[in-house]
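A.B. asks: 0 is the number of the first residue of the sequence shown in numbering that gives the first Met the number 0; add one for each residue after it. Mind looking over this structure? Questions follow.
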Amino acid sequence: MKETLMKDLLSIEAQPYPFELEPAKCALLIIDMQRDFLEPGGFGEMLGNDVSQLRRAIEPNKQLLAAWRAAGLVVLHTREGHRPDLSDLPPAKKVRGHGTTTIGDVGPMGRILIRGEPGQDIIPELYPLPSEPVIDKPGKGAFFATDLHAILQNLGITQLVVTGVTTEVCVNTTVREANDRGFECLVPEDCVGSYFPEFQEAGLKMIKAQGGIFGWVTHSSQILAALA
Ligand code: C5J
Numbered sequence: 000m001k002e003t004l005m006k007d008l009l010s011i012e013a014q015p016y017p018f019e020l021e022p023a024k025c026a027l028l029i030i031d032m033q034r035d036f037l038e039p040g041g042f043g044e045m046l047g048n049d050v051s052q053l054r055r056a057i058e059p060n061k062q063l064l065a066a067w068r069a070a071g072l073v074v075l076h077t078r079e080g081h082r083p084d085l086s087d088l089p090p091a092k093k094v095r096g097h098g099t100t101t102i103g104d105v106g107p108m109g110r111i112l113i114r115g116e117p118g119q120d121i122i123p124e125l126y127p128l129p130s131e132p133v134i135d136k137p138g139k140g141a142f143f144a145t146d147l148h149a150i151l152q153n154l155g156i157t158q159l160v161v162t163g164v165t166t167e168v169c170v171n172t173t174v175r176e177a178n179d180r181g182f183e184c185l186v187p188e189d190c191v192g193s194y195f196p197e198f199q200e201a202g203l204k205m206i207k208a209q210g211g212i213f214g215w216v217t218h219s220s221q222i223l224a225a226l227a
């Protein structure tokens, strides 16, 4: 970590009020920026979703990730997915939606949401460095059935900048889980994405409502300016 940043408290303009970011205790947590959710021809698009709604978050994430890495701060990534033998896939999740192609079946980029398959991996634009932990999660929240909490505690992390997809599902669930475990969460609105514009708006409102009931919302430009 940059020596100068270590001692600083960075005040980030945010809603409902400024977020006091402590670089030594704050990690960037990038949620599920996976090929099957974001790439044309992937599972998300196969289900009829407009992936451009998610892809607009790629460039802001790239810039934030580059600045975060340059500052020497902690980065973690998550991937939603299951074991190849499906032993960690609840039957209720397997059949949800009554689709003809569901989790574990062969999709456009290998078996859908199965660890090790091309579609389950992170998009090349945001690919993790070998030093950055990747949390494979079977649920929507990144704390459920993973070692994320232990890793954050071991690293002395108490604050999270949470980005990724989708805003109302895995980002919101993770922010709520983190909040209940005592972490302060800051969400840059341009670095999260939903297939549904109305859910993008509502998902962000839910986080910052009632005095920041789950956390804070900002724009990545505010974080970039503070890190610069
Ligand atoms: C979903 C996610 N939407 N990462 N996953 O199934 O939000």
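For glycine and all other residues, C-beta sits at the position ideal for the given N, C-alpha and C.
In three-state terms, what does DSSP make of Ile206?
C.D. replies: One-based indexing of the sequence shown puts residue 206 at position 207. Three-state result, Ile206: helix.
A.B. asks: I want to check one thing, is the minimum distance from the CB of Asp135 to the heavy atoms of the ligand MG below 7 Å?
C.D. replies: Ligands present in the displayed structure are limited to the ligand C5J, and the ligand MG is not among them.
A.B. asks: Thinking C-beta only, is Val186 closer than 8 Å to Val170?
C.D. replies: Here residue 170 is taken as the residue at index 171 of the sequence shown, counted from 1. Here residue 186 is taken as the residue at index 187 of the sequence shown, counted from 1. Cβ atoms of Val170 and Val186: closer than 8 Å.
A.B. asks: I'd like the list of long-range same chain contacts for Lys92, defined as Cβ closer than 8 Å, with 5 residues on each side in sequence excluded.
C.D. replies: As a position in the sequence shown, residue 92 is number 93, starting the count at 1. The residues are Ile102.
A.B. asks: Do you know whose CA, among Phe213, Leu112, Gly202, Gly106, lies nearest Gly80's CA?
C.D. replies: What you label residue 80 is simply residue 81 of the sequence shown in a count that begins at 1. Among Phe213, Leu112, Gly202, Gly106, the Cα nearest to that of Gly80 belongs to Leu112.
A.B. asks: Which value, in whole angstroms, describes the spacing of the CA atoms of Leu53 and Leu8?
C.D. replies: Taking the sequence shown and counting its residues from 1, one reaches residue 53 at position 54. Taking the sequence shown and counting its residues from 1, one reaches residue 8 at position 9. Approximately 31 Å between the Cα atoms of the pair.
A.B. asks: May I have the straight-line CA-CA distance separating Phe36 from Leu226, to the nearest angstrom?
C.D. replies: Counting from 1 along the sequence shown, the entry for residue 36 is found at position 37. Counting from 1 along the sequence shown, the entry for residue 226 is found at position 227. Their Cα atoms are separated by approximately 29 Å.
A.B. asks: Once DSSP output is grouped into helix, strand and coil, what is the label at Phe213?
C.D. replies: Locating residue 213 in the sequence shown gives position 214, where the first residue counts as 1. Phe213: coil per DSSP, three-state reduction.
A.B. asks: From the DSSP secondary-structure annotation, give me the bridge partner or partners of Glu79.
C.D. replies: The sequence position of residue 79 within the sequence shown is 80, counting from 1. Partner(s): Lys136.
A.B. asks: Thinking just about the alpha-carbon of each residue, which of Ala144, Pro17, Ile11 is nearest to the one in Gly210?
C.D. replies: Position 211 of the sequence shown holds residue 210. Here the closest residue by C-alpha is Pro17.
A.B. asks: For the structure I just gave you, are there three or more beta carbon pairs, one from the region 73–90 and one from the region 121–132, closer than 8 Å?
C.D. replies: The region 73–90 is in contact with the region 121–132.
A.B. asks: Short check: CB of Ile30 to CB of Thr162, under 8 Å?
C.D. replies: In the sequence shown, residue 30 corresponds to position 31, counting from 1. In the sequence shown, residue 162 corresponds to position 163, counting from 1. For Ile30 and Thr162, yes; Cβs fall inside 8 Å.
A.B. asks: Along the chain, which unbroken stretches of the beta strand (DSSP E) at least 3 residues long are found entirely within the region 54–79?
C.D. replies: List check, beta strand (DSSP E) in window: 73–79.
A.B. asks: Count the other CB atoms, across all protein chains shown, that sit within 10 Å of the CB of Val191; report buried if there are 16 or more and exposed otherwise.
C.D. replies: Here residue 191 is taken as the residue at index 192 of the sequence shown, counted from 1. Val191 comes out buried.
A.B. asks: In the DSSP assignment, the beta strand (DSSP E) including Glu183 goes from what residue to what residue?
C.D. replies: Locating residue 183 in the sequence shown gives position 184, counting from the first residue. Element bounds for Glu183: 183–187.
A.B. asks: Please list the segments of the alpha helix (DSSP H) lying wholly inside the region 152–196, counting only runs of 4 or more residues, in order along the chain.
C.D. replies: Those alpha helix (DSSP H) runs which fall completely within the region 152–196 and span 4+ residues are 171–179.
A.B. asks: Quick check: is any heavy atom of the ligand C5J less than 7 Å from the C-beta of Lys139?
C.D. replies: On the sequence shown, residue 139 is found 140 positions in, with the first residue counted as 1. Yes - the ligand C5J has a heavy atom lying nearer than 7 Å to the Cβ of Lys139.
A.B. asks: Assuming the contact rule is C-beta atoms closer than 8 Å, Gln119 and Arg78 should be a hit. Round their C-beta distance to whole Å, please.
C.D. replies: Taking the first residue of the sequence shown as position 1, residue 119 is located at position 120. Taking the first residue of the sequence shown as position 1, residue 78 is located at position 79. Indeed, because the Cβ distance is near 6 Å, the residues count as touching under 8 Å.
A.B. asks: Could you name the residues that DSSP lists as bridge partners for Glu19?
C.D. replies: To locate residue 19, count along the sequence shown from 1; it is residue 20. According to DSSP, which records beta bridges pairwise, Glu19 is partnered with Ser10.
A.B. asks: Per DSSP, which one or two residues make a beta bridge with Arg110?
C.D. replies: Position 111 of the sequence shown, counted from the start, is the residue given in the question as residue 110. Val105.
A.B. asks: Is the distance from the Cβ of Arg34 to the Cβ of Met108 below 8 Å?
C.D. replies: Taking the first residue of the sequence shown as position 1, residue 34 is located at position 35. Taking the first residue of the sequence shown as position 1, residue 108 is located at position 109. For Arg34 and Met108, yes; Cβs fall inside 8 Å.
A.B. asks: Thinking C-alpha only, which one of Glu176, Thr157, Asn153 is nearest Ala141?
C.D. replies: In the sequence shown, residue 141 corresponds to position 142, counting from 1. Considering only alpha carbons, the answer is Glu176.
A.B. asks: DSSP has Ile121 in a bridge; who is on the other side?
C.D. replies: Your numbering for residue 121 matches position 122 in the sequence shown. Answer is Gln33, bridged to Ile121.
A.B. asks: For Leu28, name the three-state secondary structure that DSSP assigns.
C.D. replies: Position 29 of the sequence shown holds residue 28. Leu28: strand per DSSP, three-state reduction.
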